[in-house]
Amino acid sequence: MKPSSKKPKALVVIGPPGSGKGTQAHLLCRKFGLKHLGSGDILRARQKKGDFTGRKLAEIMNKGGLAPSFVVVKILGDELEKIKKEPKLKGVVLDGWTRIDTEAMMADEALEWYGWNENAKVFLIKISKKESLNRLTKRRQCGNCGRLIPWVGHFKKIKKCDQCGGNLKVRIDDKIEVIKNRLEEYKKETVPAINYYKKRGKLIEINGEQPIEAVFREILGKI
Ligand code: AP5
């Protein structure tokens with residue numbers, strides 16, 4: 060069978076904390092004109108409502124635990140419904156939404172529902188635990204716009220956000236003990252989600268321990 064020349068309407072990115080899901084998701088959106096939906100960013104924004112769920116999410120996420128699936132799936136559904144209204148939108152990149160197998164299953168259903176499942180691809184970006192710890196403990200975040208500042212090249216020297224001038228701080232869940240919990244959760248919960256995609260022949264493994272551009276090239280080569 061000839062490979063399809065159709066551009067994908069949905070790309071799903073999974074991987075351990077710090078594997079570069081967000082970094083690659085942004086590059087993919089730019090390349091294919093897709094909308095980025097990052098689960099971590101959207102759940103952190105949800106915390107700010109300060110209601111019962113917002114407060115409880117903050118409590119769980121600040122310790123490195125996973126948000127409950129019913130909250131995650133509801134928020135994902137609401138976001139997809141919202142972006143479906145954008146007339147020029149070509150599709151979506153789901154970054155980090157499918158951390159457990161039931162979420163993977165629900166996300167598949169949702170992509171089918173909105174007509175984005177054809178040609179969808181799932182990328183697993185693989186890095187070691189050591190690399191994860193290294194990247195996350197060193198990166199900083201702008202307290203104003205939320206931009207994550209990587210610990211590479213000239214970024215190591217900057218004292219203020221290079222985009223808005225805001226003060227830089229460590230993201231609340233990038234403390235060593237919390238990262239260890241996030242890695243534990245990944246091992247315990249996300250492996251079944253990976254197996255779910257594997258069984259359906261959807262999973263594409265990517266070596267995340269290469270420079271950002273090389274990771275991106277590897278992904279593009281497999282689309
Ligand atoms: P989330 O914000 O998604 O955090 P995470 O998955 O733990 O990982 P990060 O987003 O911090 O890293 P990333 O893989 O996106 O890598 P990045 O591109 O930033 O989720 C936070 C929390 O929300 C979870 O712990 C959980 O509580 C909750 N949550 C989210 N989704 C959920 C769900 N579905 N169910 C339940 N709970 C959920 O890169 C990391 C760093 O490395 C950056 O500094 C970057 O510049 C650098 N970098 C990237 N690529 C490279 C490279 N190739 N070489 C060198 N450096 C690199």
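Mapping of the sequence shown onto our numbering: residues 60 to 282, in sequence order.
Each residue gets a CB set at the ideal place from its N, CA and C atoms; glycine is no exception.
Integer-rounded CB distance, given that residue j should sit under 8 Å from residue i
i: G77; j: L262; result: Not a contact, Cβ separation roughly 20 Å.
i: I238; j: G123; result: 7 Å
i: G99; j: I184; result: At roughly 15 Å, the Cβ-Cβ gap does not stay under 8 Å, so G99 and I184 are not in contact.
i: L135; j: A169; result: 6 Å
Three-way DSSP call (helix, strand, coil) for residue i in this model
i: L207; result: strand
i: A69; result: strand
i: I263; result: strand
i: I119; result: helix
i: R230; result: coil
i: D201; result: In the sequence as presented, Asp is not what sits at residue 201; that position holds Cys. Note: C201 maps to strand in three-state DSSP.
Euclidean distance between Cα positions of residue i and residue j
i: S63; j: R259; result: Residue placement at S63 cannot be trusted, given a pLDDT of 48 that sits under 50; what the coordinates show is reported in the next sentence. Their Cα atoms are separated by approximately 18 Å.
i: F129; j: E145; result: 25 Å
i: K215; j: P209; result: 8 Å
i: G150; j: I159; result: 23 Å
i: L125; j: L86; result: 26 Å
i: E248; j: F91; result: 30 Å
i: V250; j: T157; result: 11 Å
i: R198; j: Y255; result: 32 Å
i: C223; j: K94; result: 23 Å
i: A166; j: G109; result: 26 Å
i: L23; j: L192; result: An answer regarding residue 23 cannot be provided, because it is not within the stretch 60 to 282 covered by the chain.
i: K80; j: V152; result: 10 Å
i: E264; j: I253; result: 10 Å
Residue environment, residue i, which counts as buried when at least 16 other CB atoms sit within 10 Å
i: L116; result: buried
i: F182; result: buried
i: K61; result: In this predicted model, K61 has a pLDDT of only 45, less than 50, meaning its place in the structure is not dependable; the value taken from the coordinates is given anyway. Exposed: under 16 other Cβ atoms inside 10 Å.
i: L279; result: exposed
i: I231; result: exposed
i: V229; result: exposed
i: I186; result: buried
i: G174; result: exposed
i: C201; result: buried
8 Å Cβ cutoff met for residue i and residue j
i: E162; j: L96; result: no
i: L102; j: K180; result: no
Heavy atom of the ligand COA within 7 Å of residue i beta-carbon
i: E162; result: As presented, the structure is devoid of the ligand COA, carrying the ligand AP5 as its sole ligands.
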